[in-house]
Amino acid sequence: METCRKTSVYILEPKMSVVKGKLVKMEVIQVGEYEFTKQDIIGHGAFAMVYKGRKRRNPSQSVAVKVVTKKGIQKASEILVKEIKILRELTALHHTNLVAMHDCMDSPAYVYVVMESRISPINMDWYIYQPYMDALIWLLTT
Numbered sequence: 001m002e003t004c005r006k007t008s009v010y011i012l013e014p015k016m017s018v019v020k021g022k023l024v025k026m027e028v029i030q031v032g033e034y035e036f037t038k039q040d041i042i043g044h045g046a047f048a049m050v051y052k053g054r055k056r057r058n059p060s061q062s063v064a065v066k067v068v069t070k071k072g073i074q075k076a077s078e079i080l081v082k083e084i085k086i087l088r089e090l091t092a093l094h095h096t097n098l099v100a101m102h103d104c105m106d107s108p109a110y111v112y113v114v115m116e117s118r119i120s121p122i123n124m125d126w127y128i129y130q131p132y133m134d135a136l137i138w139l140l141t142t
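Here the UniProt record's numbering is used: the first residue of the sequence shown is 1, the next is one more, and so on.
This is how it looks when you write it as structure tokens:
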């Protein structure tokens, strides 16, 4: 894809992690300067999966890695080119309410779009528990 730079994809040494109380071997995939595991799914669509990833040189920097398959997606390819162009234009605005695109990489089988991740355990906890905390505070103060 002419809108993204060419890259190689590497499968790194598997890491052991605890998932739902069980020790699991997780395959780490490296794309450019980013890495992710297929177990860390954020979401999916018709032609892509989105994974929680991180920057290799700065592991605390969380990113979202959108992995778009090239297999049989001629029409989707045109849409993806437009999406990447729009993401680049929006990223150039540097607006706090817009998710920035960090990188776009092309391999023989997939296109990888690396974006800023706005999902963190702290944010999710706040959204999930805030109504309950408000109710608890109300009960304790009345």
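Even glycine gets a Cβ: it sits at the ideal position worked out from N, Cα and C.
Since we're looking at a predicted model, the values are computed, not measured.
Within a 10 Å sphere around the beta-carbon of Glu35 sit 16 or more other beta-carbons, which makes this residue buried. Judged by DSSP secondary structure, Lys82 falls within the alpha helix (DSSP H) whose first and last residues are 74–91. Judged by beta-carbon spacing, Ala100 lies within the 8 Å limit of Glu116, meaning their Cβ atoms are closer than that value. With a 10 Å radius around the Cβ and a threshold of 16 neighbouring Cβ atoms, Ile29 comes out buried. By the C-beta density criterion, His102 is buried, having at least 16 other C-beta atoms within 10 angstroms.
For Tyr10, the number of other beta carbons within 10 angstroms of its own is below 16, and it is reported as exposed. Of the candidates Phe47, Leu90, Leu12, Thr7, the residue whose Cα lies closest to the Cα of Lys66 is Phe47. Listed in chain order, the non-local C-beta contacts of Met105 below 7 Å within the same chain comprise Cys4, Arg5, Thr7, Val31, Gly32, Tyr112, local neighbours out to five positions each way being set aside. Here the alpha carbons of Arg118 and Ile42 stand approximately 11 Å from one another.
In the structure shown, Leu23 falls within a strand segment according to DSSP collapsed to helix, strand and coil. Within the DSSP bridge table, the entry for Val28 names Thr37 as partners.
Annotation for Thr91: Ala100, Met101 place their beta carbon closer than 7 Å to its own, counting only its chain and skipping 5 residues before and after. For Thr69, the CB contacts under 8 Å within the same chain, skipping 5 residues up- and downstream, are Phe47, Ala48, Ala109, Tyr110 in chain order.
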